[in-house]
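Below: the structure, in structure tokens.
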Amino acid sequence: MSDLEQIAVSTSEKVLLFFEGLNLHFAAAFILHAIELIYIILSKFRFGATTDQVKVDRLVLEYKTRQESLGNVRKVAIVTGANSGIGFETTKALVRAGFHVVMACRNRIFAGQAMEKLEQQTDLNNFEFMELDLASIKSVKSFTENFKAKFNRLDVLVNNAGVMACPYQETEDGIEAQFGVNYVGHFVLTNELLEVMQSTAEGSRIVNVSSIAHRVGIYETARILDKNLYNRVINYGISKLAFIMFTVELANRLGKDSKITVNALHPGVVDTNLPRYIPFSDSAFFKFIFSICSVSPVTGALNSIRLSLSSEVEGITGKYFEHECVSVPNAPARDKKLCSDLWGFTEAMVKGK
Ligand SMILES: NC(=O)c1ccc[n+]([C@@H]2O[C@H](COP(=O)([O-])OP(=O)(O)OC[C@H]3O[C@@H](n4cnc5c(N)ncnc54)[C@H](OP(=O)(O)O)[C@@H]3O)[C@@H](O)[C@H]2O)c1
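Residue numbers (full-length UniProt numbering): 1 to 353.
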């Protein structure tokens, strides 16, 4: 972890707690986003520092060496949204680390293109595609049935797929789409896979890709249910806040002695397809500005790869990571009662579907 990362995270925490104390949540969110932007721009000038690709290579090598000394069982991972951006780079690292990776994607053509690219870039073929549309609980359940029919272990589950700032849409089950895809789909997916993870002797890791944008999420169920209160940015924040609250509650339910760990993370502001719904995101000007204010998909995937592979995070559970450090999420994710309430609210939402 670099000094820059430590300074960014500890400054963020101080700002957050100060403004929360004054009940100024939006001011906190605004300043934290500004700190993130300054961090990204400064991080581009880390001359001589270890590049993030080298960090990924080290994590992969360290993991492979550890596995070889333990005897080579072929481990299995699932990455949702594996065909693009952060998910693609995470998949590549897990494939290189020796996992058999199930690429859980909604689009067969995009998945096929990603698999071709993966094979070209790694010269390996220990991956496969299985269809998963997180906007449909039926599709999530059919995915988990297919997975369990084929595999009897799951070592790493990276809940990565997501959409951001789309116009109001609903999933097949009538749930607001950002909440439905980013959080509820992964809630069902994870719960359906818990049993197979529990029976994986070496223990399993769940990695939930959240966002610093959870800091603009206002935890009010009305905002999830009422179309008239929909705001593209705030509702993205709510979906990512819910994902951290789910992480905290799941860790709590599994208990300290569980062989399964679950953590959430912010990947950084990353140059991917995510801003596709932002007006003018196709323009050359937007692309230029975004490229200055964002990091590469390899850097964006570093946190997911570290939480999936590193021995340094062994046994850590229920935490939220920003950059490579444990960070303090916004207040609702620190409130055990709210996290437990959200679990009940979500169960009711998906019941019978
Ligand atoms: N990029 C950033 O700055 C940033 C910052 C904070 C957090 N994140 C989070 O990082 C994660 C990865 O995003 P990214 O930046 O790599 O963006 P991306 O390139 O757009 O990748 C998103 C992935 O999610 C998939 N996806 C979307 N809806 C889906 C659905 N209904 N079912 C299954 N898969 C679906 C997409 O599939 P298609 O290709 O078929 O659309 C794509 O594979 C997201 O959760 C995002 O919220 C990103």
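We put the CB at the ideal spot given by N, CA and C, even for glycine.
What you are looking at is a predicted structure, and each value in this text was computed from that prediction instead of being measured.
Review point. So which of V163, M115, K138 has the shortest CA-CA distance to K351?
Key: Here residue 351 refers to the residue found at position 351 of the sequence shown. Comparing Cα positions, the closest option is K138.
Practice item. May I ask whether a heavy atom of ligand 1 can be found less than 7 Å away from the beta carbon of L193? Key: For this step, residue 193 is matched to residue 193 along the sequence shown. Incorrect: L193 has no Cβ contact closer than 7 Å to ligand 1.
Check your understanding: Whose C-beta lies closer than 6 Å to the C-beta of Q60 among residues of the same chain, with five residues either side of it excluded?
Key -> On the sequence shown, position 60 is the one that residue 60 refers to. Per the sequence presented here, residue 60 reads as Val, with Gln not at that position. Counting only Cβ-Cβ distances below 6 Å, and skipping sequence neighbours, we find A93, R96, A97.
Review point. Measuring CA to CA, which of A333, V188, I289, D155 is closest to Q67?
Key: Sequence index remark: in the sequence shown, residue 67 carries index 67 (1-based). Nearest option by C-alpha distance: D155.
Exercise for review: Return the chain-ordered list of same chain residues with a C-beta closer than 7 Å to the C-beta of V184, the five sequence neighbours on each side being excluded.
Suggested key: Taking the sequence shown and counting its residues from 1, the one referred to as residue 184 is at position 184. Once the five neighbours on either side are set aside, the close Cβ partners of V184 are I175, T346, M349, V350.
**Study point:** Anticipated Cβ contact below 8 Å, T143 with E128, distance rounded
**Key:** For the purposes of this step, residue 143 is taken as the residue at position 143 of the sequence shown. For the purposes of this step, residue 128 is taken as the residue at position 128 of the sequence shown. Checking the displayed sequence, the identity of residue 143 turns out to be Phe instead of Thr. Not quite, the Cβ-Cβ distance comes to about 13 Å (not below 8 Å), so this is no contact.
Point to revise | F243 and H186 closer than 8 Å at C-beta | key: Counting from 1 along the sequence shown, the entry for residue 243 is found at position 243. Counting from 1 along the sequence shown, the entry for residue 186 is found at position 186. Yes, the Cβ-Cβ distance between F243 and H186 is below 8 Å.
**Study point:** Contact under 8 Å by Cβ, K319 with N263
**Key:** Residue 319 sits at position 319 when you count from the first residue of the sequence shown. Residue 263 sits at position 263 when you count from the first residue of the sequence shown. It is a contact, given that the beta carbons lie within the stated cut-off.
Review point. Below 8 Å between beta carbons: does that hold for residue 354 and K259?
Key: The question about residue 354 has no answer, for the chain in this structure spans 1 to 353.
Point to revise | For C166, three-class secondary structure by DSSP | key: The residue labelled residue 166 in the question sits at position 166 within the sequence shown. Correct three-state label for C166: coil.
Review point. Leaving out five residues before and five after E87 in sequence, what residues of the same chain have Cβ atoms less than 6 Å from its Cβ?
Key: Walking along the sequence shown from the start, residue 87 turns up at place 87. Position check: residue 87 holds Gly in this sequence, whereas Glu was assumed. Answer for G87: V79, G81, N160, listed in chain order.
Review point. Should T80 be counted as a contact of ligand 1 given a C-beta to heavy atom distance under 7 Å?
Key: The residue labelled residue 80 in the question sits at position 80 within the sequence shown. At least one heavy atom of ligand 1 is nearer than 7 Å to the Cβ of T80, so yes.
Check your understanding: Where does A301 land, buried or exposed, given buried means 16+ other C-beta within 10 angstroms?
Key -> In the sequence shown, counting from the first residue as 1, residue 301 sits at position 301. Answer is buried; the Cβ neighbour count reaches 16.
Point to revise | DSSP beta-bridge partners of H100 | key: For the purposes of this step, residue 100 is identified with residue 100 of the sequence shown, where counting begins at 1. The partner list for H100 (beta bridge, DSSP) reads V76.
Practice item. Quick one: grab the DSSP three-state call for I316. Key: As a first step, residue 316 is located in the sequence shown; it is residue number 316 there, counting from the start. DSSP places I316 in coil when its eight states are reduced to three.
Check your understanding: Mind checking A149: buried by the 16 CB within 10 Å criterion, or exposed?
Key -> Position 149 of the sequence shown, counted from the start, is the residue given in the question as residue 149. Per the 10 Å Cβ criterion, exposed.
Exercise for review: For S239, I'd like the list of residues in its chain whose CB is within less than 6 Å of its CB, leaving aside the five on either flank, ordered along the chain.
Suggested key: To locate residue 239, count along the sequence shown from 1; it is residue 239. Around S239: Q178, F179, N182, Y183.
Exercise for review: Tell whether a beta-carbon distance below 8 Å holds between R232 and A165.
Suggested key: Position 232 of the sequence shown holds residue 232. Position 165 of the sequence shown holds residue 165. Contact flag set, yes.
Exercise for review: Using only the heavy atoms of ligand 1, determine whether one of them is closer than 7 Å to the beta carbon of F110.
Suggested key: The sequence position of residue 110 within the sequence shown is 110, counting from 1. Yes, since a heavy atom of ligand 1 falls inside the 7 Å radius drawn around the Cβ of F110.
Practice item. Give the straight-line distance between the Cα atoms of T299 and V326, rounded to the nearest whole angstrom. Key: Within the sequence shown, the letter at position 299 stands for residue 299. Within the sequence shown, the letter at position 326 stands for residue 326. Roughly 17 Å between the two C-alpha positions.
Review point. Using the C-alpha atoms, what's the distance from P329 back to I316?
Key: Taking the sequence shown and counting its residues from 1, one reaches residue 316 at position 316. Taking the sequence shown and counting its residues from 1, one reaches residue 329 at position 329. When rounded, the distance between both Cα atoms is 16 Å.
Exercise for review: Measure the beta-carbon distance from V207 to S291 and round it to whole angstroms, keeping in mind my assumption that it falls under 8 Å.
Suggested key: In the sequence shown, counting from the first residue as 1, residue 207 sits at position 207. In the sequence shown, counting from the first residue as 1, residue 291 sits at position 291. 26 Å between Cβ atoms; not a contact.
Practice item. Starting from the Cα of T247, find the closest Cα among T11, P275, N191, K14 and give me that residue. Key: Within the sequence shown, numbered from 1, the residue matching residue 247 stands at position 247. Closest by alpha carbon: N191.
Point to revise | Backbone CA spacing between F285 and E145 [nearest angstrom] | key: Taking the sequence shown and counting its residues from 1, one reaches residue 285 at position 285. Taking the sequence shown and counting its residues from 1, one reaches residue 145 at position 145. F285 and E145 have their alpha carbons spaced roughly 45 Å apart.
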